[in-house]
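Numbering (the working numbering), first residue to last: 148 to 302. Notes to accompany the following structure.
Right under this line is the structure:
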C-alpha cells in the first residue's frame with residue numbers, strides 16, 4: 148500500500164491558503180470554500196474576523212470594504228497545515244529564523260506576545276512578560292513554539 152499523501156493546507160506567504168487569495172478573494176469566496184460554520188466578530192470599527200475555530204483558521208476583511216475582500220489569514224491551534232517552507236503551529240522560532248532568515252523586526256504590540264515579521268508572513272509566540280519588551284532576549288524567545296501564523300499581502 149503506497150504512503151498516504153499529506154493533504155494538510157499550505158499557507159502561501161503573501162498569497163493565502165487553499166483557494167483563498169489575499170486581496171482577491173471575498174467573504175463569499177471564504178464561505179464557498181470553508182462553509183458557513185464560522186463566528187463573525189466585528190473588531191472595533193476596523194475589520195471583521197470570520198473564525199473557523201474547528202479548523203484553527205480566521206479570515207479578515209475591512210468593515211468599510213463593499214467587496215469584503217480578505218486582507219489577512221490567521222492560523223492557530225488546531226490548524227494542521229504548514230507554510231510553503233514547512234513551518235506550522237508548534238514549530239520552534241529557531242526553525243523560523245533558520246529557514247526564513249533574520250526577521251524584518253520583532254514586534255511586541257500585542258500584549259504578552261512577540262511577532263516576528265517577514266514579507267507576507269508573521270509568526271507569533273508567547274512573550275516572557277517578566278522581561279522588558281525591548282531589547283528582545285532571543286536566548287529566551289527563540290526556543291518558544293509558534294502559536295499563530297498570519298498571512299498578509301507582501302510589501
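Even glycine gets a Cβ: it sits at the ideal position worked out from N, Cα and C.
Is the beta carbon of residue i sitting closer than 7 Å to the one on residue j?
i: residue 205; j: residue 221; result: yes
i: residue 296; j: residue 228; result: no
i: residue 282; j: residue 263; result: no
i: residue 288; j: residue 252; result: no
i: residue 226; j: residue 203; result: yes
Indicate the three-state DSSP secondary structure (helix, strand or coil) for residue i in the structure shown.
i: residue 180; result: helix
i: residue 174; result: helix
i: residue 258; result: coil
i: residue 196; result: strand
i: residue 162; result: coil
i: residue 263; result: strand
Relative to the C-alpha of residue i, which candidate in the options has its C-alpha closest?
i: residue 266; options: 274, 285, 300; result: 300
i: residue 182; options: 237, 280, 200; result: 200
Between which two residues does the alpha helix (DSSP H) harbouring residue i extend?
i: residue 285; result: 285-288
i: residue 244; result: 240-247
Which residues in the same chain as residue i place their Cβ atom closer than 6 Å to its Cβ, once the five residues preceding and following it in sequence are excluded?
i: residue 284; result: 278
i: residue 275; result: 287
i: residue 243; result: 234, 270
Which residues in the same chain as residue i place their Cβ atom closer than 7 Å to its Cβ, once the five residues preceding and following it in sequence are excluded?
i: residue 237; result: 292, 293
i: residue 190; result: 196
State the start and end residues of the unbroken beta strand (DSSP E) segment that holds residue i.
i: residue 223; result: 217-223
i: residue 188; result: 186-190
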